[in-house]
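Asker:
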Ligand code: PMP
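Residue numbers (this note's numbering): 1 to 486.
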């Protein structure tokens, strides 16, 4: 441990030298150095407090003492890899299963959402003996090969071409989607799945499964219309496939209406995957499925999956959700936020659509309400202007114009009102045209930070730290260090 923390500049330089360029940062032009967090607040290296609207991983609040204590205590007692009988593991599995419909009764423990989805694919294939999957356009399901093939949102950047075993259908978007004006959009969108299955069959292929989030966050926070999932699940099952619900972002009460998002739609998936919120920051994930599907794979190994620390932490997270009534709180606070946004919407031509449920909220930024043209630039500037007001929100979705709120579940109505007020101020500014210069207009070449952002948004960038002291330049590369040694 260094005696003194690194300066902002040094951390930035070292990151550039030692981490892959492809590793993305929030606020790339003026990234934050967050040094601690508590509840729904993040603190940077200069002590500034930020309201956190994006850390769905910190489900019950950053560093919740009950969760921290459970992890620390277990860490000091026993940490084994898989393969021993362990009370915590079976008790935790039982607690998760008690929240689910009867048929979802067998758990597998893993360490990340990607691993959970990969196992779900393997289970679907071994159970159905089929190979193909249907996914929604713009979806993201994980950062490993099998899942990037099923994540159309990443194909362009990663130069991935669609494989023959992947079938892509439209996300059931009622705001700007293809069938938004249809009398029965649920049916129209579900029929796309039906025809994808039919087309696959005509080519001699068969569907192993349909993989989607029940509330499609990565597609721009799309809550599917009534009956859509019911119809899709019945089409998939009648073709011999299984239905996989990816609740890696939306599970564990986040939607406010029910503990699992699929329950809002009156369906039960054959395979459920859960990740991020389970461990409140501790890496853990699960697959829960039926006995028949679980028994179809010959063998399963995970070194860390379901280790005693993970299970102790997971159990503590469930305690907090229950004790602090976080599910009903999510419902009320989400309503408070969306009502507030709807109240200011008439004043803002750029506030296109406000949607979501509980602590899963998407706000579309458009050039104007008539054309609904997505404004990625407006959303980006808005994110930086909100940062100036010490609120952290990301712009996401297929056009990067959906301000996506997935805050820790301890978010309050006061926090929600603050966010609404900040949107009101920032949007008024942007709509007046005082802030909408392109982000890449001019650059400070040394730090690679556009000057218009820095001048407009000073203070919160942390760059004040840069000139505090003269310090040694970090060598540019490993090669440079070896050269110096010679
Ligand atoms: N599915 C969804 C819906 C996700 O949002 C993510 C992570 N953003 C993943 C899967 C992958 O999870 P992980 O990063 O934990 O592997």
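A virtual CB, placed ideally from N, CA and C, is assigned to each residue, including glycine.
(1) Assign residue 5 to one of three DSSP states: helix, strand, or coil.
(2) Starting from the C-beta of residue 185, find all residues in its chain whose C-beta is less than 7 Å away, skip the five residues before and the five after it, and write them out in chain order.
(3) Could you give the distance in angstroms between the alpha-carbon of residue 265 and the alpha-carbon of residue 76?
(4) Of all the options 26, 91, 198 and 104, which has the alpha carbon lying nearest to the alpha carbon of residue 487?
(5) Check whether the Cβ atoms of residue 409 and residue 393 lie closer than 7 Å to each other.
(6) Hey, how far is the Cα of residue 273 from the Cα of residue 203?
(7) Out of curiosity, what's the CA-to-CA distance linking residue 382 and residue 430?
(8) Taking just the CA atoms, how far does residue 236 sit from residue 134?
(9) For residue 313 versus residue 61, is the C-beta spacing smaller than 7 Å?
(10) Let me know the secondary structure DSSP gives residue 346 once reduced to three states.
(11) Does the beta-carbon of residue 149 have 16 or more other beta-carbons within 10 angstroms, so that it is buried, or is it exposed?
(12) Apart from the five residues just before and just after residue 33, which ones in its own chain have a Cβ nearer than 7 Å to its Cβ?
(13) Rounding to the nearest angstrom, what Cα-Cα distance links residue 301 and residue 413 in this structure?
(14) My assumption, with CB atoms under 8 Å, is that residue 390 sits in contact with residue 50. Please give the rounded CB distance.
(15) So is residue 84 buried or exposed if we call it buried at 16+ other beta carbons inside 10 Å?
(16) Please identify the residue among 217, 360 and 243 whose C-alpha is closest to the C-alpha of residue 400.
(17) Just checking residue 138 against the ligand PMP - is the residue's beta carbon closer than 6 Å to any of the ligand's heavy atoms?
(18) Taking 6 Å as the cut-off, is the C-beta of residue 340 nearer than that to any heavy atom in the ligand PMP?
(19) Could you please give the first and the last residue of the uninterrupted alpha helix (DSSP H) stretch that includes residue 126?
(20) Is the closest heavy atom of the ligand PMP to the C-beta of residue 246 under 6 Å?
(21) Between the region 98 to 113 and the region 339 to 354, are three or more C-beta pairs nearer than 8 Å?
(22) For residue 443, count the other beta carbons within 10 Å of its own beta carbon; 16 or more makes it buried, fewer makes it exposed. Which is it?
(23) Quick one: does the C-beta of residue 113 sit closer than 6 Å to a heavy atom of the ligand PMP?
(24) Going by DSSP, what residue range makes up the beta strand (DSSP E) through residue 107?
(25) Thinking just about the alpha-carbon of each residue, which of 277, 296, 115 and 271 is nearest to the one in residue 289?
(26) Per the DSSP calculation, residue 245 is bridged to which residue(s)?
(27) May I ask you to report which of helix, strand or coil DSSP gives residue 329?
(28) So is the beta-carbon of residue 249 under 6 Å away from any non-hydrogen atom of the ligand PMP?
(29) Could you say which of 299, 267 and 252 lies nearest to residue 276 if we only look at CA atoms?
(30) Does the contact criterion of 3 or more C-beta pairs under 8 Å hold for the region 279 to 299 versus the region 113 to 121?
(31) Does at least one heavy atom of the ligand PMP sit under 6 Å from the Cβ of residue 362?
(32) For the candidate residues 30, 35 and 28, whose alpha-carbon lies nearest to that of residue 5?
(33) Report whether the distance from the Cβ of residue 179 to the nearest heavy atom of the ligand PMP is below 6 Å.
(34) In angstroms, rounded to a whole number, what distance separates the CA positions of residue 426 and residue 358?
(35) Does the region 144 to 164 come into contact with the region 328 to 345, if we say contact requires no fewer than three beta-carbon pairs (one atom in each stretch) closer than 8 Å?
Answerer: If we stick to the structure as given:
(1) In the three-state DSSP reduction, residue 5 falls in the coil class, being neither helix nor strand.
(2) So the list reads 172, 174, 179 and 225, once near-sequence residues are dropped.
(3) About 43 Å.
(4) The displayed coordinates of the chain run from 1 to 486. Any statement about residue 487 would go beyond what the structure contains.
(5) For residue 409 and residue 393, no; Cβs fall outside 7 Å.
(6) As the crow flies, the alpha-carbon of residue 273 is around 30 Å from that of residue 203.
(7) Going from the Cα of residue 382 to the Cα of residue 430 covers about 8 Å.
(8) Going from the Cα of residue 134 to the Cα of residue 236 covers about 9 Å.
(9) Contact: no.
(10) In this structure, residue 346 counts as helix in the three-state DSSP scheme.
(11) That one is buried.
(12) Counting only residues of its own chain and dropping the five nearest sequence neighbours on each side, residue 33 has a CB closer than 7 Å to the CB of 8, 11, 44, 45 and 462.
(13) Residue 301 and residue 413 have their C-alpha atoms spaced approximately 44 Å apart.
(14) About 5 Å; that satisfies the 8 Å criterion.
(15) The C-beta of residue 84 has fewer than 16 other C-beta atoms within 10 Å across all chains shown, which makes the residue exposed.
(16) Closest by alpha carbon: 217.
(17) No.
(18) No heavy atom of the ligand PMP is found nearer than 6 Å to the CB of residue 340.
(19) Counting along the chain, the alpha helix (DSSP H) containing residue 126 begins and ends at 113 to 128.
(20) Checking the Cβ of residue 246 against the ligand PMP gives yes.
(21) These segments do not touch.
(22) In this prediction, residue 443 scores a pLDDT of 36, lower than 50, which makes its location untrustworthy; the coordinate-derived value is nonetheless stated afterwards. Classification of residue 443: exposed, given that the 10 Å Cβ count is below 16.
(23) For the ligand PMP, at least one heavy atom lies less than 6 Å from the Cβ of residue 113.
(24) Taken as a continuous stretch (DSSP letters only), the beta strand (DSSP E) holding residue 107 covers 106 to 110.
(25) Between residue 289 and the set 277, 296, 115 and 271, the nearest pair of CA atoms involves 271.
(26) In DSSP, residue 245 forms a bridge with 212 and 272.
(27) Looking at residue 329 - three-state DSSP - the assignment turns out to be helix.
(28) Within the cutoff, so yes.
(29) Selected option, being the one with the closest Cα: 252.
(30) Yes, the region 279 to 299 is in contact with the region 113 to 121.
(31) No, the ligand PMP has no heavy atom inside 6 Å of this Cβ.
(32) Of the listed residues, the one whose Cα sits closest to residue 5 is 35.
(33) When distances are taken from the beta-carbon of residue 179 to the heavy atoms of the ligand PMP, even the shortest one reaches 6 Å or more.
(34) Between the alpha carbons of residue 426 and residue 358 lies a distance of about 24 Å.
(35) Because the criterion of three Cβ pairs below 8 Å is not met, the region 144 to 164 and the region 328 to 345 do not touch.
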